[in-house]
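Read through the structure below, which is laid out as structure tokens, and then see the notes.
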Amino acid sequence: MLTRLWPILKSFQIQDILDIAIITVMISALLIWFKDRASRFVLFGIGVLGLIYILARFFQLYLTTLVLQGFFAIFLFVIVVIFQEDLRRFFERLALWGRFKISLRDVASSHSSAEIIAHTAANLARQRIGALMVIAGNEPLDRHLTGGVRLDGLLSEPLLESIFDPHSKGHDGAIVIRDDRIELFGCHLPLTSNIPPHSRYGLRHTAALGLSERSDALCIVVSEERGTLSLAQGEQLNQVENASELRSALEDFYARNAPPRPQHPVLAWLKENPKEKVIAFVLAIILWLTFGYQRDSVRRDFTAPIEYVNLAPDWVLEGTRNTDAVVTLTGSSQAFRLLNPERLKVSIDLAKTQPGKQEISLTGDLVTVPPGLTVVGIKPERITITASRFTAVTASIEAVVKLPSNDWIVQRTTLIPSSVRILIPYRERSRHFQLKTEPISLHPTTDAQTHTAILIMPAEVRLEGGKIPEVTVNVKLKKRISTHPSQAPRPSTEMTEDG
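As structure tokens, then:
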């Protein structure tokens with residue numbers, strides 16, 4: 001046993017600890033989220049299939065692995081369809097956590113609100129007046145509510161009794177209470193589909209249970225027919241015996257939604273739901289051993305571009321140079337999945353380059369690879385570069401023009417500017433440089449014409465400032481003088497008298 005564990009422990013790295021910790025937190029959050037929900041049995045069934053798949057891979061059961069791989073290929077769509085409402089609530093809760101909102105609800109105010117609600121509900125039950133009250137939790141309720149009138153009134157017993165008065169237009173709907181204020185009245189809630197067909201529950205009970213399935217709100221139902229009190233929360237509907245029991249339940253609800261800040265948040269988190277966290281840790285270890293830990297070592301070759309970085313602006317690499325290299329990597333198959341071959345590069349730092357020809361060794365530290373992969377070779381092992389420093393010289397400019405036809409010739413050309421300062425390799429300092437413009441098409445006219453052209457820069461030449469200037473070319477054309485024989489002056493044929 002120890003001989004099998006030693007290679008695993010020997011290859012254990014810090015990223016593996018973070019990997020297991022993140023998966024543990026995710027699985028524990030999932031288990032805690034679903035432990036009180038009706039859909040937990042579906043999640044348990046999917047978990048059983050996942051366990052069978054892991055065992056099939058471990059014992060190399062080809063057919064079972066192939067069938068379950070087909071199932072898990074559409075697993076994401078299955079999850080979205082089955083847990084659509086649960087996932088929406090889960091992401092809403094994540095959004096609320098992202099606000100880092102600290103609840104500062106006053107304890108005395110919570111006790112007062114619980115007292116008012118419990119006493120009013122008990123009075124309505126004795127009078128056989130139906131009522132439906134929603135005590136909002138931390139999750140948003142807007143997408144679950146339809147209709148309703150915004151009130152935003154201070155919570156009080158007379159206000160509650162007036163809303164649920166049988167002669168009031170809004171008494172059939174629900175009210176939404178948040179903290180010590182009534183936000184809405186006359187709302188309609190989503191109905192549940194989990195009520196047994198022969199149950200004695202009415203429409204208010206069905207609506208209360210439907211909202212409790214979709215949010216963390218607490219719903220209080222006063223039955224008009226039986227004069228009873230019921231609480232709907234967490235997909236469960238339970239009857240309450242009296243006002244005292246209702247008040248205790250309300251105070252517990254307020255306390256859970258505004259808990260006191262613990263002195264040690266990490267220790268408090270570890271103490272909550274310990275069974276789910278232990279199961280999550282064991283599952284994370286199993287998943288890491290199955291998918292994360294790889295016993296085999298794979299060796300692969302990649303063609304990576306060579307990039308020359310940090311070359312000073314007044315330096316240039318002359319001649320041809322290597323542009324690609326073959327990089328050989330070794331590591332686990334899991335590590336290769338994290339590698340993006342398009343980002344694999346051999347970076348050569350030329351910050352301390354010297355003038356002239358020099359050799360550079362290509363080593364593994366020039367290549368950045370994900371954790372778990374090692375560079376074992378690069379071909380070629382060495383490359384040769386020739387570097388030289390630039391020097392500034394003045395180069396004249398020549399305009400390249402295209403005549404309209406052979407009947408025209410250039411009479412005068414003026415360039416602005418007529419020369420520019422350029423940077424050339426130091427070894428070329430004795431050479432005369434003349435830059436040419438891009439070809440300019442001239443118009444067939446004797447009037448002066450002005451054109452704007454861009455300079456064509458040779459590969460080894462740079463401009464001071466880096467920006468290629470535009471050259472203004474002023475050209476004047478004239479007609480070519482024809483020398484055709486038919487148009488030449490004819491010799492005189494006059495004869496003298498003596499002739």
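Here UniProt numbering is used: the first residue of the sequence shown is 1, the next is one more, and so on. Every residue gets a Cβ at the ideal spot worked out from N, C-alpha and C, and that includes glycine.
Beta-carbon contacts of N273 that lie in its chain and below 6 Å, excluding the five residues immediately before and after: Start at 1 with the first residue of the sequence shown, and residue 273 comes out as number 273. Contacts found: I32.
DSSP state of H144 mapped onto helix, strand, coil: Translated into positions along the sequence shown, residue 144 becomes position 144. If DSSP states are grouped into helix, strand and coil, H144 belongs with the helices.
Endpoints, the alpha helix (DSSP H) within which R178 is located: Here the question's residue 178 lines up with position 178 in the sequence shown. Not the alpha helix (DSSP H): R178 falls in the beta strand (DSSP E), residues 174 to 178.
Under 8 Å between C-beta atoms of G210 and T192: Start at 1 with the first residue of the sequence shown, and residue 210 comes out as number 210. Start at 1 with the first residue of the sequence shown, and residue 192 comes out as number 192. Contact flag set, yes.
Alpha carbon of R214 to alpha carbon of L338, nearest angstrom: Within the sequence shown, numbered from 1, the residue matching residue 214 stands at position 214. Within the sequence shown, numbered from 1, the residue matching residue 338 stands at position 338. Rounded to whole angstroms, R214 and L338 show a C-alpha spacing of 38 Å.
Sheet register partners of A325 (DSSP bridge): Here residue 325 corresponds to residue number 325 of the sequence shown, with the count starting at 1. Looking at the DSSP output, A325 bridges to A304.
Sub-8 Å separation of L442 and V475 beta-carbons: Counting from 1 along the sequence shown, the entry for residue 442 is found at position 442. Counting from 1 along the sequence shown, the entry for residue 475 is found at position 475. Yes; because the gap between Cβ atoms is below 8 Å, this pair is in contact.
CB contact check: A114 to chain C, cutoff 8 Å: Of the protein chains in this structure there is only one, and it is not chain C.
Any 3 or more C-beta pairs closer than 8 Å across the stretch 225 to 240 and the stretch 142 to 156: Result no; under three Cβ-Cβ pairs closer than 8 Å.
Environment of M133 [buried if 16+ CB atoms lie within 10 Å]: Position 133 of the sequence shown, counting from 1, holds the residue named residue 133. M133 comes out buried.
Per-residue DSSP class, three states only, for E26: Walking along the sequence shown from the start, residue 26 turns up at place 26. Before going on, a small fix: residue 26 reads as Met here, not Glu. Residue state, collapsed to three classes: helix.
Bridge-paired residues (DSSP) for Q236: Along the sequence shown, read from residue 1 onward, the residue named residue 236 stands at position 236. Residue pairing for Q236: DSSP places it in a beta bridge opposite Q233.
Proximity of S419 and T394 at Cβ, strictly below 8 Å: Taking the first residue of the sequence shown as 1, we reach residue 419 at position 419. Taking the first residue of the sequence shown as 1, we reach residue 394 at position 394. Yes, the pair counts as a contact, with Cβ atoms nearer than the cut-off.
N- and C-terminal bounds of the beta strand (DSSP E) containing E438: The residue labelled residue 438 in the question sits at position 438 within the sequence shown. First-last for E438: undefined, no H or E at that position.
Proximal residues to N310 (C-beta, below 6 Å), its chain only, five neighbours per side dropped: Indexing the sequence shown from 1 puts residue 310 at position 310. These residues qualify, in order along the chain: D349, L350, A351.
V473 beta carbon less than 8 Å from that of P439: Counting from 1 along the sequence shown, the entry for residue 439 is found at position 439. Counting from 1 along the sequence shown, the entry for residue 473 is found at position 473. Their beta carbons are not under 8 Å apart, which means P439 does not touch V473 by this criterion.
Which of helix, strand or coil DSSP assigns to I385: Position 385 of the sequence shown, counting from 1, holds the residue named residue 385. Correct three-state label for I385: strand.
Inter-residue CB distance, A459 and R421 (contact presumed, cutoff 8 Å): For the purposes of this step, residue 459 is identified with residue 459 of the sequence shown, where counting begins at 1. For the purposes of this step, residue 421 is identified with residue 421 of the sequence shown, where counting begins at 1. About 18 Å separates the two Cβ atoms, so there is no contact after all.
Own chain, CB closer than 6 Å to K467, minus 5 neighbours either side, in chain order: Here residue 467 corresponds to residue number 467 of the sequence shown, with the count starting at 1. Within the same chain, K467 has no close Cβ partners at all.
Cβ separation of F253 and I135, assumed to be a contact under 8 Å, to the nearest whole Å: Locating residue 253 in the sequence shown gives position 253, counting from the first residue. Locating residue 135 in the sequence shown gives position 135, counting from the first residue. Between I135 and F253 the Cβ distance is about 6 Å, and since that is below 8 Å, they are a contact.
Rounded C-alpha distance that separates G234 from H167: Here residue 234 refers to the residue found at position 234 of the sequence shown. Here residue 167 refers to the residue found at position 167 of the sequence shown. Between G234 and H167, the alpha-carbon positions lie close to 32 Å from each other.
Proximity below 8 Å, CB of V298 to CB of S332: On the sequence shown, position 298 is the one that residue 298 refers to. On the sequence shown, position 332 is the one that residue 332 refers to. Yes, these two residues count as a Cβ contact at 8 Å.
C-beta atoms of G186 and V221 nearer than 8 Å: Locating residue 186 in the sequence shown gives position 186, counting from the first residue. Locating residue 221 in the sequence shown gives position 221, counting from the first residue. Cβ distance not < 8 Å, so G186 and V221 don't count as in contact.
Span of the alpha helix (DSSP H) around P252: Locating residue 252 in the sequence shown gives position 252, counting from the first residue. Checking the sequence, you will find Asp at residue 252 rather than Pro. Where D252 is concerned, the enclosing alpha helix (DSSP H) stretches over 243 to 257.
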